[in-house]
Amino acid sequence: MTLILGLESSCDETAAALVDTNRRILAHRVAGQEAEHRPYGGVVPEIAARAHVDRLAPLVEAVLADAGLALADVDAIAATAGPGLIGGVMVGLVTGKALAHAAGKPLIAVNHLEGHALSPRLTDAELAFPYLLLLVSGGHCQLLLVEGVGAYRRLATTIDDAAGEAFDKTAKLLGLGYPGGPAVERIAQDGDPHAVPLPRPLVGSAEPHFSFAGLKSAVARAAASGEHRTADLAASFQQAVVDCLVDRSRIALAACPRATAFVVAGGVAANGAIRTALADLAHRFDRRFVAPPLWLCTDNGAMIAWAGAERFAAGLTDPLDVAARPRWPL
Ligand code: KG4
Ligand code: ZN
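Here the UniProt record's numbering is used: the first residue of the sequence shown is 1, the next is one more, and so on.
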């Protein structure tokens with residue numbers, strides 16, 4: 001059994017967790033920054049980096065105290081090394097390096113996307129490689145065949161905005177504030193998903209790529225017409241995203257008969273309507289559907305610790321001079 005401390009700071013959540021190779025989550029904490037960014041209607045990188053500086057060390061102390069452990073009990077330290085807002089990534093990675101150096105433990109530089117991609121295996125011991133992954137977050141929208149630790153085949157990506165970005169921009173233009181995804185989902189519950197005619201970009205095309213920019217512009221035009229209730233706009237937008245994700249995933253599922261399961265991860269996977277529609281799709285393809293619990297979908301330290309645990313088990317550690325990377329495709 002190996003115990004990993006995981007650190008996450010690539011966007012607007014500061015997070016730390018202790019996870020072992022037996023899938024036990026000994027402690028995990030997330031400190032959000034919503035109050036700091038809300039006045040600006042989105043994440044301000046400089047404010048985020050400063051908030052990570054203030055919060056990360058106390059969070060590490062807190063998770064160790066929660067678990068009744070000391071740094072010396074940890075076997076390795078995993079930190080997000082990218083992709084993300086570079087100031088924040090540097091704060092987490094430098095903290096991880098300092099702890100690794102001070103405690104004389106190995107460092108594992110984790111790709112944030114790999115954290116999301118492997119997170120379903122933390123809570124589902126049965127989930128075996130290869131699996132088809134729909135990774136939908138604020139910065140990414142991809143379909144990946146996860147063949148093993150460090151072995152990811154990208155089948156599709158977005159040609160413009162990510163799904164979470166579309167939620168955030170739509171929330172902003174509907175005046176629903178930040179963070180956008182949960183706000184759109186909440187108000188969509190009171191709306192009619194078929195009230196506003198909106199496009200489904202790329203639906204029906206042969207390659208399973210995504211596009212959301214045209215959808216967002218169409219929502220903006222519909223909102224400007226003044227003919228629709230905000231709840232109907234939100235519900236119709238959400239339905240259009242659901243239809244795009246389902247159609248694109250359908251193409252990928254048909255192309256991946258070897259995939260043992262259809263898995264969704266990333267912040268947008270917290271959306272109830274999206275989860276339900278994707279579960280239906282998996283069922284139609286007679287494939288297991290796996291979605292991590294909601295807290296594990298949005299950014300957190302446990303997914304970084306778990307990706308660290310998987311990498312450590314595969315003998316993958318990193319030197320202390322490993323660089324932070326703002327861009328880092330899987
Ligand atoms: O994975 P994540 O926490 O951070 C990134 O790595 O990007 O994803 C954040 C994204 C944001 O765009 C947020 O609006 C979206 O996930 N999100 C949601 C929901 N909760 C978070 N989108 C739709 N419905 C939700 N309930
Ligand atoms: Zn993320």
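Idealized CB from N, CA, C, for every residue including glycine.
- Residue environment: Arg-23 is assigned as exposed (fewer than 16 neighbouring CB atoms within 10 Å of its CB, all protein chains considered).
- In the structure shown, Tyr-178 falls within a coil segment according to DSSP collapsed to helix, strand and coil.
- Rounded to whole angstroms, the Cβ separation of Phe-167 and Val-268 is 7 Å, and the two are in contact under 8 Å.
- Cβ contact annotation for Leu-316 (same chain, cutoff 8 Å, sequence separation greater than five): Ile-108, Val-149 and Gly-150, in chain order.
- The residue among Ser-225, Gly-180, Leu-85 and Leu-174 with its C-alpha nearest the C-alpha of Glu-46 is Leu-85.
- Contact annotation: Val-110 and Ala-76 have beta-carbon atoms that are not nearer than 8 Å.
- Assigned with DSSP and collapsed to three states, Gly-82 falls in strand.
- In the DSSP assignment, Val-290 falls outside any alpha helix (DSSP H) and lies within the beta strand (DSSP E) extending over 288-290.
- By the Cβ test, the region 159-176 is in contact with the region 131-139, since at least three Cβ pairs between them sit closer than 8 Å.
- Summarising the contact set, residues whose Cβ lies nearer than 5 Å to any heavy atom of ligand 2 are, in chain order, Ser-137 and Asp-299.
- In terms of Cα proximity to Leu-7, the closest of Ile-159, Leu-155 and Gly-92 is Gly-92.
- Ligand 1 approaches Gly-267 closely enough that one of its heavy atoms is under 7 Å from the residue's Cβ.
- Per DSSP, Gly-267 is not a residue of any beta strand (DSSP E), being assigned neither H nor E.
- By alpha-carbon distance to Ala-51, the top candidate from Ala-323, Gly-68, Val-30 and Ala-98 is Val-30.
- Relative to the Cα of Ser-211, the nearest Cα in the group Gly-177, Asp-160 and Ala-81 belongs to Asp-160.
- At least one heavy atom of ligand 1 falls within 7 Å of the beta-carbon of Asp-168.
- Here the alpha carbons of Tyr-178 and Tyr-40 stand approximately 9 Å from one another.
- When secondary structure is reduced to three states using DSSP, Gly-6 falls in the strand class.
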